[in-house]
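Take a look at the structure set out below.
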Amino acid sequence: MTATDTHESIDAVWRIESARIIAGIARIVRDVGIAEELAQDALVAALQQWPESGIPNNPGAWLVATAKHRAIDHLRRNKRLEQKHEVIGRELEERQAAVAEEIENAMDDDVGDDLLRLIFTACHPVLPAEARAALTLRLLGGLTTDEIARAFLTREATIAQRIVRAKRTLAEANVPFEVPRGAEFTARLSSVLGVIYLIFNEGYTATAGDDWMRPELCQDALRLGRILAELMPNESEVHGLVALMEIQASRLGARVSASGEPILLFDQNRALWDQLLIHRGFAALGRAERTAPSLGPYALQAAIAACHARARTAGETDWARIVELYGELSGIAPSPIVELNRAVAVGMASGPEAALAIVDKLREEPALQKYHLLSSVRGDLVFKLGRNEEARQEFERAASLTENSRERELMLARAYNCGGDAND
Amino acid sequence: MRFMMLMIPKGYESAAPGTMPSAEHVAAMMKYNEQLTKAGVLLALDGLHPPSTGARVSFSGGKPTVTDGPFSEAKEVVGGYWMIQVKSKAEAIEWASRCPGLDNEVIEIRQVHEMSEFPPDVQEAAGRLKP
Chain A
1 MTATDTHESI DAVWRIESAR IIAGIARIVR DVGIAEELAQ DALVAALQQW
51 PESGIPNNPG AWLVATAKHR AIDHLRRNKR LEQKHEVIGR ELEERQAAVA
101 EEIENAMDDD VGDDLLRLIF TACHPVLPAE ARAALTLRLL GGLTTDEIAR
151 AFLTREATIA QRIVRAKRTL AEANVPFEVP RGAEFTARLS SVLGVIYLIF
201 NEGYTATAGD DWMRPELCQD ALRLGRILAE LMPNESEVHG LVALMEIQAS
251 RLGARVSASG EPILLFDQNR ALWDQLLIHR GFAALGRAER TAPSLGPYAL
301 QAAIAACHAR ARTAGETDWA RIVELYGELS GIAPSPIVEL NRAVAVGMAS
351 GPEAALAIVD KLREEPALQK YHLLSSVRGD LVFKLGRNEE ARQEFERAAS
401 LTENSREREL MLARAYNCGG DAND
Chain B
1 MRFMMLMIPK GYESAAPGTM PSAEHVAAMM KYNEQLTKAG VLLALDGLHP
51 PSTGARVSFS GGKPTVTDGP FSEAKEVVGG YWMIQVKSKA EAIEWASRCP
101 GLDNEVIEIR QVHEMSEFPP DVQEAAGRLK P
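Chains A and B, in that order, give the protein sequences. Just so you know, my numbering puts 214 at position 214 of the first sequence, and the rest follows in order with no gaps. Just so you know, my numbering puts 7 at position 7 of the second sequence, and the rest follows in order with no gaps.
Here it is in structure tokens:
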């Protein structure tokens, strides 16, 4: 095995084991930042030793054992530090004695509960949204700072700083390493799901840059979602989110042309949709339905995506059902974006005029003032009504509002296709 | 990256119809499958009946010819597969290495083609639209 092979193997083992190692250590040291550093130390040791000694038979266990030793050293060091300050508590003494054994147990157990604690901590609302995403990819996804930076088109130093700051914030806020209970649980779970979906969406429709999609990021989010679904099999919305991501990801191969231009849902070649992911999506949606009396926002969006997935051609889409589902979604999670999507569905089910009435009301909506898709949808509706000049202006406005260059090109092309007014 | 891990059990090429793995082996495999699921990498898996109950369709001379199994010329045959989604070939190898395989078993790892790997003319032939 060459040195490069060894490094790739170490990366692979790290990808598989890092979250479990960090989670197990965090249970002992009660600080995810320190836990991550200790796990990193183990990785550095592997990178130094394995190219010479060869990869151990059970590389995961080796990393766990090494991280364990680092954790014990860390706690001993802390104890000496505290002794210097003459604040030795009996509690600490007793804790110290139990620590070695505790670590043994923690790392040998099923670390599922610790993984959950790690996810909830990384997605804690005390952190800004972008820090939650970066920390989640780092602690749970096993991505390097450099990989995260590339995914978010940011400099590595920026991400590194964001992660350092996030760890410090968690420590300073004394965020406990636990899964919240009771009323807090629902809000915190929604933060976790929000972070995963944010990562997915950043990959699905990149908000900036030259590529319309970054599929690797979608895969990272899907992996996190699938892990979470196994950890919380009774949470309907976790399955709902997984279903939504599986079905959306099924279209990844169909939503760009060979040269990278975006292709909208209705123009896609449905033969390119990934049937394996679609069926995984249907199965996850089924689990979401079985685990709750009524569907939550993610599961409803998944049900809408499933309507598209079931239609063999765009013309066969069950728009009446989609309008219904958007209605339900508006009922439990009202938002101008949902309303805009409902308008699109109404347009398909009942014609552009009915849809335009909804869209025109949304033009007052402050949140949508700079939203390019409002202009894009409105452009499409007035175009269908033969008001081409108005449509052209809307598409041009949409082009000026999007930060994604591929999307801008698409909007400009639509504006160009409007030509003059059809009624002229 | 998507990989297929092909399980190739030596001897399966001549196994009698209805040959089944032992309960013990299945239990070990189930544990392994559970690991793949919990890690979020498993997309699909299946086990295949032995070739003695299968058939081969060949196309020499431009027309299909059917041969019933077992196939005397086959030295190794697929007994089952896993489809996994991972970050690298090294990760696929690492997962394959964790399989509780028996002495006679081999896992072959093969990457699944992605549309973006093909040149434009092949992409179009495969149904990807022109801009």
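Even for Gly, the Cβ is constructed at its ideal location relative to N, Cα and C. The model shown is predicted, which means the values in this text are computed figures rather than measured ones.
Check, Outcome
"Contact residues within the region 39-51 of chain B, judged by C-beta distance below 8 Å to chain A", "Ala39, Gly40, Val41, Leu43 and Ala44"
"Distance between glutamate 91 of chain B and valine 66 of chain B (C-alpha atoms, nearest Å)", "39 Å"
"Cross-chain neighbours of proline 120 of chain B in chain A, by beta carbon under 7 Å", "Ala258"
"Within-8 Å CB hit, aspartate 11 of chain A to chain B", "yes"
"Segment limits, alpha helix (DSSP H) that includes valine 346 of chain A", "336-350"
"Buried or exposed by the 16-neighbour rule on C-beta atoms within 10 Å, applied to leucine 143 of chain A", "buried"
"Identity of the residue in B:Ala27, B:Asp121 and B:Arg98 nearest leucine 13 of chain A by Cα", "The amino acid at residue 13 of chain A is misidentified as leucine; the sequence shows valine. Checked all of B:Ala27, B:Asp121 and B:Arg98; the closest Cα to valine 13 of chain A is B:Arg98."
"Pair within 8 Å by beta-carbon distance, leucine 241 of chain A and leucine 193 of chain A", "yes"
"Unbroken alpha helix (DSSP H) run spanning proline 297 of chain A, endpoints", "297-310"
"Interface positions of the region 71-91 of chain B facing chain A (Cβ-Cβ less than 9 Å), listed along the chain", "Met83, Gln85, Val86, Lys87, Ser88, Lys89, Ala90 and Glu91"
"Proximity test, Cβ basis, 8 Å: alanine 61 of chain A and chain B", "no"
"Same chain only: Cβ atoms within 6 Å of alanine 122 of chain A, ignoring 5 sequence neighbours per side", "Leu135, Thr136 and Leu139"
"Contacts of glycine 253 of chain A in chain B (Cβ-Cβ under 7 Å)", "Met115"
"Bounding residues of the beta strand (DSSP E) (the contiguous stretch that carries aspartate 121 of chain B)", "Element bounds for aspartate 121 of chain B: not the beta strand (DSSP E) but the alpha helix (DSSP H), 120-125."
"Residue interval of the beta strand (DSSP E) (run including tryptophan 82 of chain B)", "80-85"
"Cα-Cα separation, glutamate 365 of chain A to serine 375 of chain A", "13 Å"
"Assumed close pair glutamate 118 of chain A, alanine 26 of chain A - CB separation to whole angstroms, cut-off 8 Å", "With the sequence shown as reference, residue 118 of chain A is identified as leucine, and glutamate is not the correct amino acid for it. The Cβ separation is near 6 Å, so the contact holds."
"Three CB pairs or more closer than 8 Å across the region 394-413 of chain A and the region 7-19 of chain B", "no"
"CA-to-CA distance, valine 377 of chain A to tyrosine 204 of chain A, given in whole angstroms", "19 Å"
"Local conformation of glutamine 111 of chain B per DSSP, three classes", "strand"
"Residues within the region 265-292 of chain A neighbouring chain B, beta-carbon criterion of under 9 Å", "Asp267, Gln268, Asn269, Ala271, Leu272, Leu276, Leu277, His279 and Arg280"
"Contacting residues, own chain, Cβ-Cβ under 7 Å from proline 51 of chain A (five flanking each side not counted)", "Ala3 and Thr6"
"Nonlocal neighbours in the same chain, by C-beta distance under 8 Å from alanine 16 of chain B, ignoring five residues either side", "Pro50 and Ser52"
"Selection from B:Leu6, B:Val26 and B:Leu36 that minimises the alpha carbon distance to isoleucine 16 of chain A", "B:Leu36"
"Buried versus exposed call for glycine 259 of chain A [16 or more other C-beta atoms within 10 Å across all chains shown]", "Per the sequence shown, residue 259 of chain A should be read as serine rather than glycine. Exposed, since its Cβ has fewer than 16 Cβ neighbours within 10 Å."
"Straight-line gap, arginine 466 of chain A to threonine 66 of chain A (C-alpha atoms, nearest Å)", "Any property of residue 466 of chain A remains undetermined from this structure, which presents chain A solely from 1 to 424."
"Reduced DSSP category for phenylalanine 3 of chain B - H, G, I as helix; E, B as strand; rest coil", "strand"
"Between the CA atoms of isoleucine 148 of chain A and methionine 245 of chain A - distance to the nearest angstrom", "20 Å"
"Under 7 Å from the C-beta of valine 219 of chain A: neighbouring residues of chain B", "The residue asked about is misnamed: residue 219 of chain A is glutamine in this sequence, not valine. Ordered by position in chain B, the residues that pass the 7 Å Cβ test against glutamine 219 of chain A are Gln85."
"Proline 334 of chain A versus glycine 327 of chain A: straight-line alpha-carbon distance, rounded", "9 Å"
"Closest Cα partner of alanine 299 of chain A within the set A:Val256, A:Gln248, A:Gly347 and A:Leu272", "A:Gln248"
"Under 8 Å between C-beta atoms of alanine 243 of chain A and leucine 285 of chain A", "yes"
"Closest Cα partner of leucine 252 of chain A within the set A:Thr291, A:Phe200 and A:Gln301", "A:Phe200"
"Contact set for valine 87 of chain A: own chain, Cβ-Cβ below 7 Å, skip 5 residues either direction", "Unreliable placement is indicated for valine 87 of chain A, whose pLDDT of 47 sits below 50; the coordinate value is still reported in the next sentence. Once the five neighbours on either side are set aside, valine 87 of chain A has no close Cβ partner at all."
"Interface residues of the region 159-185 of chain A facing chain B [CB-CB below 7 Å]", "none"
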